[in-house]
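One rule links them: number in the working numbering = place in the sequence shown (from 1) + 291.
The block underneath contains the structure these notes are about, expressed in structure tokens.
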Amino acid sequence: MLAYTARRIVYVVPIVISVALVCFLLVHITPGDPLVAVLPADASQELAAQLRAAYGFDRPLPVQFGLWLLRALHGDLGNSIATGRPVLAEVMRAVGNTVTLAIAAAIIGFTMGILLGLIAGYFRETWVDKVATSFAIAGVSVPHYWLGMLLVIIFSVQLNWLPAVGAGPSGSNSWAWDWAHLKYLVLPAITTSVIPMGIVTRTVRALTGDILSQDFVEALRAKGLRETGVFRHVIKNAAPTALAVMGLQLGYMLGGSILIETVFSWPGSGFLLNSAIFQRDLPLLQGTILILALFFVFLNLLVDIAQAAIDPRIKRG
Numbered sequence: 292m293l294a295y296t297a298r299r300i301v302y303v304v305p306i307v308i309s310v311a312l313v314c315f316l317l318v319h320i321t322p323g324d325p326l327v328a329v330l331p332a333d334a335s336q337e338l339a340a341q342l343r344a345a346y347g348f349d350r351p352l353p354v355q356f357g358l359w360l361l362r363a364l365h366g367d368l369g370n371s372i373a374t375g376r377p378v379l380a381e382v383m384r385a386v387g388n389t390v391t392l393a394i395a396a397a398i399i400g401f402t403m404g405i406l407l408g409l410i411a412g413y414f415r416e417t418w419v420d421k422v423a424t425s426f427a428i429a430g431v432s433v434p435h436y437w438l439g440m441l442l443v444i445i446f447s448v449q450l451n452w453l454p455a456v457g458a459g460p461s462g463s464n465s466w467a468w469d470w471a472h473l474k475y476l477v478l479p480a481i482t483t484s485v486i487p488m489g490i491v492t493r494t495v496r497a498l499t500g501d502i503l504s505q506d507f508v509e510a511l512r513a514k515g516l517r518e519t520g521v522f523r524h525v526i527k528n529a530a531p532t533a534l535a536v537m538g539l540q541l542g543y544m545l546g547g548s549i550l551i552e553t554v555f556s557w558p559g560s561g562f563l564l565n566s567a568i569f570q571r572d573l574p575l576l577q578g579t580i581l582i583l584a585l586f587f588v589f590l591n592l593l594v595d596i597a598q599a600a601i602d603p604r605i606k607r608g
């Protein structure tokens, strides 16, 4: 297990370097002046040149990448052009809010997805299967932003039960696990959870149905094993694949929630990324993309290691 873990960590190194290179190049190949967000309309050429030199934009791209990567390895992603604050602090504060949202959405989506998938797979081709599958199809078909706005209209505007925007009461600068903060999390978490719920339901349903049709299940039943015991074998065999799918979905929730965070004004990484794009804040954009990409890479690393721990056959693959 240690050798497999070490080998997987070594594989991650070139991926991380490639991710850093792509993040750096993506924001530099876009047209326009990166200092347009901070330069006044009547700025002189001298002032523009001074700011460009201060941010290092006047140097060749390879030199900029080398210096940026070296600073990034020391935890320095530069300062935001728009706010002047350190990029790493801005990104980590936003990532913390996104992780909070992703964890809440994962608890809702994965729990519902596993339960619906197991039920649909066990009662395959019955009305129970059709109802559960309908929920799964609806989950992956409904647009995020449309569902979010619908929930806001019903629960915030009409019923006035839950707040529509923000991540906490006015004046609150940090997250707390109390109802005053949790009520701001309910609607965005439900909205974020529907697609993972649908995908996990369909995956677990297919796995459960396939496993239940295999000969060893009949053999277990023939030996007199109760259905609860048979189901434990089904869950054990389905767990590695289901875990991989859930890991990917968690990665997508961490990096792909721009629309939801914008709809609910949730101050997460997607909301920050959206602001950085519109303000053309290159250091903030680079730092946000890099941190999110690294989260995705290391999350997949953890999922691979967890899969190998559950199913030793994967280590031999």
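Every residue, glycine too, gets a C-beta built ideally from N, C-alpha and C.
Quick caveat: nothing in here was measured; it's all calculated off a predicted structure.
Under three-state DSSP, which class holds residue i?
{"i": "Pro434", "result": "coil"}
{"i": "Leu564", "result": "helix"}
{"i": "Leu453", "result": "coil"}
{"i": "Asp572", "result": "coil"}
{"i": "Trp557", "result": "coil"}
{"i": "Asn464", "result": "coil"}
{"i": "Gly520", "result": "helix"}
{"i": "Gly439", "result": "helix"}
{"i": "Ala373", "result": "coil"}
{"i": "Met292", "result": "coil"}
{"i": "Lys514", "result": "coil"}
{"i": "Thr579", "result": "helix"}
{"i": "Ala458", "result": "coil"}
For the alpha helix (DSSP H) that contains residue i, what are its first and last residues?
{"i": "Arg384", "result": "Val378 to Tyr413"}
{"i": "Thr553", "result": "Ile549 to Val554"}
Out of the options, state which residue places its alpha-carbon closest to the alpha-carbon of residue i.
{"i": "His435", "options": "Ser463, Met383, Trp418 and Ile486", "result": "Ile486"}
{"i": "Phe587", "options": "Phe569, Leu545, Leu564 and Gly400", "result": "Leu545"}
{"i": "Gly538", "options": "Leu438, Gly400, Asn388 and Pro574", "result": "Gly400"}
{"i": "Gly404", "options": "Val443, Ile596 and Thr494", "result": "Thr494"}
{"i": "Leu585", "options": "Ala294, Ile308 and Ala380", "result": "Ile308"}
{"i": "Ile526", "options": "Ile320, Leu409 and Ala380", "result": "Leu409"}
{"i": "Val390", "options": "Ala458, Phe315 and Leu592", "result": "Ala458"}
{"i": "Trp437", "options": "Asp469, Gly387, Ala497 and Ile481", "result": "Ile481"}
{"i": "Arg571", "options": "Tyr295, Val303 and Leu317", "result": "Leu317"}
{"i": "Pro305", "options": "Ala599, Phe589 and Val594", "result": "Phe589"}
{"i": "Phe356", "options": "Glu509, Ala311, Lys474 and Ala455", "result": "Ala311"}
{"i": "Ala363", "options": "Glu416, Cys314 and Ala393", "result": "Cys314"}
{"i": "Ile320", "options": "Leu352, Leu473 and Val508", "result": "Leu352"}
{"i": "Gln505", "options": "Glu552, Ala334 and Phe522", "result": "Phe522"}
{"i": "Glu416", "options": "Ala467, Tyr543, Gly500 and Val456", "result": "Gly500"}
{"i": "Leu442", "options": "Asn591, Val554, Leu593 and Ala423", "result": "Val554"}
{"i": "Tyr413", "options": "Gly489, Leu593, Glu518 and Gln341", "result": "Glu518"}
{"i": "Gly559", "options": "Gly375, Thr483 and Val303", "result": "Thr483"}
{"i": "Ile596", "options": "Thr532, Gly375 and Asp333", "result": "Thr532"}
Assuming residue i and residue j make a contact with CB atoms under 8 angstroms, what is their CB distance in whole Å?
{"i": "Gly578", "j": "Val382", "result": "5 angstroms"}
{"i": "Leu629", "j": "Ala397", "result": "No answer is possible for residue 629: the residues shown for the chain start at 292 and end at 608."}
{"i": "Gly347", "j": "Leu358", "result": "6 angstroms"}
{"i": "Ile568", "j": "Leu576", "result": "6 angstroms"}
{"i": "Pro574", "j": "Ser371", "result": "6 angstroms"}
{"i": "Leu498", "j": "Ala529", "result": "4 angstroms"}
{"i": "Leu453", "j": "Val433", "result": "Contact doesn't hold; Cβ gap of about 19 angstroms is too wide."}
{"i": "Asn388", "j": "Trp557", "result": "7 angstroms"}
{"i": "Thr492", "j": "Leu407", "result": "4 angstroms"}
{"i": "Phe562", "j": "Ala385", "result": "7 angstroms"}
| task | List in chain order: all unbroken alpha helix (DSSP H) runs of 4+ residues lying wholly within the region 470 to 509. | result | Segments of the alpha helix (DSSP H) lying fully in the region 470 to 509: 470 to 503.
| task | Could I get the ranges of all uninterrupted alpha helix (DSSP H) runs contained in the region 300 to 371, with 4 residues as the minimum, in chain order? | result | DSSP runs (the alpha helix (DSSP H)) wholly in the region 300 to 371: 336 to 345 and 352 to 364.
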